[in-house]
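One structure is given below, encoded as C-alpha cells.
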Amino acid sequence: MAAPRQEKRRLDYKSPLFTITDVDLSFSLDLKKTVVVQKSQVKRLTPDMTQPLVLDGDSLKLLSVRVNGRETSFAETAKTLTIPVTEQEFQLEVVTEIAPADNTELMGLYVSDGKFCTQNEPEGFRRITYFLDRSDVLARYTVRISAPDGLYPFMLSNGNLVSDTVSNGVRTVTWQDPFPKPSYLFALVAGDFDELKREFVTRSGKQVAVRLYVDKGMAAFGDTAIDSVLRAMKWDEERFGLEYDLNRFNVVSVDFFNAGAMENKSLNIFNSKYVLVDPVSATDTDYENVLSVIGHEYFHNWTGDRVTLRDWFQLSLKEGLTVFRDQEFSSDLGTRAIERLKAIKVIRGPQFAEDSGPMAHPVRPDYVMEMNNFYSATVYDKGAEVIRMIHTILGEENFQKGMKLYISRHDGSAVTCEDFVAAMEDASGIDLRQFRNWYSQAGTPVVTVSMSYDESTQRCELTVKQKTPATPRQPEKKPFVIPVKMSLYDSKGCEIPLVRDGKPVPAVQIAAEECQTWVFENVPERPVPALLENFSAPVKLEYHYTEEDLRILLMHAKDPVSRYDAVQSLVNNYFFRNAENFERKQPFTEPAALIEACRYILNSDMDRRLAAYIMTLPPINSIIENFTVVNLDAVFAVYHHLRDRLAEALKDEISSFYRKSLTEYEERVQIPGSYAVTPEQMGERALSEYLLDLHARSLILAGDEAGASQAVLHHYQIADNMTDTLTAMRAAARYGLSCEAEILRDFEEKWSHNPLVFDNLFRAVAMAPRPDTLARVRELMKHRCFDIQNPNRVRALIGAFASGNPECFHVSGGSGYDFLTEIVLRLDKTNGHVAARILTPMLALKRFDRKRCDMIRGRFERILKEPKLSDSVFELVDKSLRNL
Ligand code: 7MF
Ligand code: ZN
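By our numbering, the letter at position 427 of the sequence shown is numbered 1196, and the numbering carries on one by one without gaps.
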C-alpha cells in the first residue's frame, strides 16, 4: 500500500540531526542515464550517536552508498535512504542514476528542448541525489559536469569556473560556489546557446561578468533582459545598499519551466516568456514583465540566497520581501501609480479568492501537505503587502535601517519571518507585537467605517471596525494592526488638514482594535473621507459613499488609488443593486454615475494609462469576491448590461476619442522605428484598447457589425507592434466579428513558428465569452504549437479558459468543469504541479449556487477516485471537499 499522505506542521520544526558542510557533485550527462556521484562531508549535530543518517530522495535509482570509502548497509524507501552511522563526522558517497529526458514533472534535473536544466525549489534536489534536502542545511558546492566533448558547448553551475578540460574525448567543467547554500539553490545547465555578454562594475569597484544564455538564433531577443540585470544591480545598490557578491552572474532562458523563474545562486534560470522580447513580437506587458521578473530573481541574491529560509513555512520571508523589492524597482523605474494598481488587482482578484476559499492560509502557513501548493498569491502578494505595511508604518528610513540590521544579523544563515520582524522592530524602536497577526492569521479583514459630523463643534468622527471571517482551522480571529492612510476633502475637493487635540495628525492612522473612533477637529463642513489611500492594507473596505462623494474623490483626490477606488465603488454598488434586481426579475437601473465618471475621465487630462485602468471594468472574478454567495448568472447578465449601456451612452465620445487616437496611431506607424515602450506610448495603447473595445461594441449594438469588423480589422492591419495587434485580435475574438477568421489566419501564418507569441492567439480565443469557445479550445489543443507537456502552452490555452473566461467555464451545463477535470486527470500523470495550478478556478465551489457547487463536487469526487493522484492535486481537492 502507498504511504498515507501526510501533512507537515510548522510547529513540528526540528533542527537537523546532521549537516553537510561540503559537497562534491559529479554529473556524467546523458539524456536517459545521467550518473550522479555525490561526495559529502557530513557532520553530526547532536550528541546522540545512535541516530542514523536519513536522507531525502524521490524517483532515484540508487547505485551505491559508501561511508568513509567503505560500502555500508542502508535501508531505502520510496522517499528516504537511511544509513546507520556511528561517526561524528564522515565522508558520504552516494551514486545515483537518473533519466533527465523522462522527467516530465520538470523538477530536479530535466531536459528542455535538448538542453539540460534544473529546478530544485522547493524539493527538487532529492530527485537528483539522496540528500538532506532542506533549506537549513547549507553546504559549499563543487560541481563537475562531464559529457562527450562538443556535445554541450555550455556547461554551467553555481559560483566560479574552476577548470575546463578534455580527456579521452570527455569534457569536464568544474564550478565552485564559495557561498554555502541550501540544495534548492543548486543549478546545472548544459547545452548549446547564444551568449550575450555585459560587464558591470559595482560601486565598490568589483568587476562582474554578466552573461545571458538563450536558444540559438534568439540573441536579438535578449537585450532587454540582460540590460534589466544591469539596471537591477544598480538599483539594489542605490535603494537598498546591496552589492553583487561574485564575479559572475548568469541568466539562462528555457522553454519548459513550471514557474516564472528561479534565483539559483549566480545561475538564474528563467522561463523564456520572461526573457525573450523584441519590438515586433512582444507586448508592453511582456516588456514590463521581463524587467520585474529579472529584478525579482536578481534581488533574491540577498533576500533568499545570502539570507535564506529555515524551513518552507517561512517561504514568504524571501518571496513577500522580494516581491515588495521588485514592485519598488518597477515603480522607481516606471510609473508608480500603475505598478500599484497592478498589485492591487492581484490582491483583489486571486488573493482575495484564495483567502476566502478552502486553501486559505496565513502568509506563514501552519500546515502543508505539498509545498508546491503554497507558492501562492497569499505567500507572494499578500506577503508583499505585509512588508509594504511595515514600510508604511516605519517609513523608508527606518525600513532601510531594519533591512541593514536584518542582513547583517543573518547573512549566511537560514532564518524565519520572526527574525525579519524582530530586525525591523529593533532597528526602528517600533513595537510590532500585534502586527505579527498578519503572519499567523488567514482571511481578508473587512473594515467597516462610518462617519458622524457635528457642525456646531466642527468635529468629525470616524468609527472604524474590523472583522475577519473564519477560515479553515481558524474560527476566531484577533484584530490586525491595520494602517489606514487617509485624507478628508471638502465639497469643493479641497483637502481638510487632519487635526486632533489642536495638533496635526499623520495621514496614516492605525486601527488595531475591533472598534475604534478617530476624532478630527476644525472640520468646516461634512467631509468626504478618502480611506485606505494607496491601498494601505490588504483589506475590504466598507463605507457608505454617496455618488456625490465618489464624484468628488474621482475628480479631486490626490492619490491615484483613491480615484481608481471611487470608480470601483460605483461599479461594485451597481453590481450589488442589479444582481438583486436580476433575482427579483426587476429591470436593471441606469448606470448614470458611471457613465458620468467615464465621460469625466475621457475628457480630463489624466495620464492616459491611468485613465484606461480606471475606466476598464474589473474582471468578473474580482467582482465575484464582493459576494459571499454569488449568483453567477446575475453577475454575467449585469456585466453585459453595464458594458453595453456604457458603450451606448458614451457612443459619440468613444468614437471621437477612438478616431483621435487612431489618427495619432496612423501617423506614428508611418515613421519606421517609432514604436517604443515609453510611458506615453504605453498610455496611448492602453487607452486605445479600451476605446476600440467599446467603439466596436457600440457599432454592434447599433446593428453595424460590418462597421465594427472593419474598424477592428483596420486596427490589426496597421499595427506595427504586438500590443495593438492583440487589441484588435482580442476584440475580434470577443465579439465574434466577421474579420476574426482573417485575423486568426494571418496571425497563424506570421507566428506559428514562435510558440511563445502564438500563446497570444490561444489566450484570445480561450477568453472569448462565446458559446463555441470550449469547442474551439479543444480544437486548438490539436494545433502543432500546442504541447500539453509545456506549462506555458497549458496556461495560455487551458488556464486562460478556466481562469480568464468565467462565463464559459461556469456555463450551466457543466461542460467547462468536465473539460477541466479531464485535463487535470490527464496532466496529473506527467506534471502534478501544473495540474494543480490550473485546477484553482474550481476551488471556489462553495460560493456558487447549489447546482454548480454540486457539479464541481461530483467532479472532485471523481478526481479523488484516481489511483495515483499527485499530492498537489489531492491536497486541493481533499481540502475543498472537507470545507463544504
Ligand atoms: C516574480 O519566486 C514574482 C514571482 C519560485 C518559483 C519565482 O523566484 C521565484 C522562485 C513561483 C511563482 C512565482 C514566481 C516564482 C516561482 C515569481 C516570479 C517572478 N523562488 Br512557483
Ligand atoms: Zn521569488
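Note that the Cβ used here is the ideal one computed from N, Cα and C, for glycine as well.
Here MET818 is exposed, its C-beta having fewer than 16 other C-beta atoms within 10 Å. Taking 7 Å as the cut-off, the beta carbon of ARG1466 is found no closer than this to the beta carbon of ALA1501. When secondary structure is reduced to three states using DSSP, TRP1520 falls in the helix class. Shortest Cα-Cα distance from CYS1229 to any of PRO1214, VAL1250, SER1256 involves SER1256.
For GLU892, the shortest C-beta to heavy atom distance toward the ligand ZN is 6 Å or greater.
In this structure the stretch 1354 to 1365 does not touch the stretch 1273 to 1291; the number of beta carbon pairs closer than 8 Å is below three.
According to the DSSP secondary-structure assignment, TYR1258 is paired through a beta bridge with GLU1264, VAL1297. In the same chain as ASP992, and ignoring 5 residues on each side of it, the C-beta atoms closer than 8 Å to its own belong to LEU965, in chain order.
When the Cα atoms are used, GLU1436 and THR1054 turn out to be separated by approximately 23 Å. In the DSSP annotation of this structure, GLU1290 is not part of any beta strand (DSSP E), being labelled neither H nor E. Apart from sequence neighbours up to five positions away, the residues of its chain that approach ASN1529 with a beta-carbon distance below 6 Å are LEU1495, ordered along the chain.
Here ALA1381 carries a helix assignment [DSSP, helix/strand/coil].
A check of alpha carbon separations from PRO1538 across GLU1548, GLU1012, GLU1576, ILE1162 identifies GLU1576 as the nearest. Of the candidates LYS1042, GLU1012, VAL1336, LYS1042 places its Cα closest to the Cα of MET987.
In the DSSP assignment, LEU1310 is bridged to VAL1216.
Linking GLU1630 to GLY1568 through their CA atoms gives a straight-line distance of about 21 Å. When C-alpha distances from LEU1482 are compared across ALA1497, LEU1470, ASP1493, THR1492, the shortest belongs to ALA1497.
The Cβ neighbour count for CYS886, taken over all protein chains shown within 10 Å, is at least 16; the residue is labelled buried. Considering only VAL979, LEU1371, LYS884, the residue with the shortest C-alpha distance to ASP1421 is LEU1371.
As a beta-bridge residue in DSSP terms, LEU794 pairs with GLN807, VAL912.
Less than 7 Å separates the beta-carbon of LYS1254 from that of ALA1276. Counting the other Cβ atoms within 10 Å of the Cβ of ASN1390 gives 16 or more, which makes it buried.
ARG1228 sits in a strand when the DSSP states are folded into three classes. Relative to the ligand ZN, the nearest heavy atom lies less than 6 Å away from the CB of GLU1088. For CYS886, the enclosing beta strand (DSSP E) starts and ends at 884 to 888. VAL1076 has THR1072 as its beta-bridge partners, per DSSP. Boundaries of the beta strand (DSSP E) around MET924: 923 to 926.
Inter-residue distance for GLU1165 and ASP1135 is about 31 Å (C-alpha atoms, whole angstroms). PRO1360 is bridged by DSSP to nothing; it lacks a bridge partner. Within a 10 Å sphere around the beta-carbon of LYS950 sit 16 or more other beta-carbons, which makes this residue buried. For the pair LYS1236 and ALA1196, the CB atoms are not nearer than the 7 Å cut-off. In the DSSP assignment, SER1177 falls outside any beta strand (DSSP E) and lies within the alpha helix (DSSP H) extending over 1152 to 1179. Under the three-state reduction of DSSP, VAL823 is assigned to strand. The beta carbons of VAL1062 and ALA1030 sit closer together than 7 Å.
Using a Cβ distance threshold of 7 Å, LEU829 and THR865 count as a contacting pair.
DSSP, read as helix, strand or coil, puts ASP1618 in coil.
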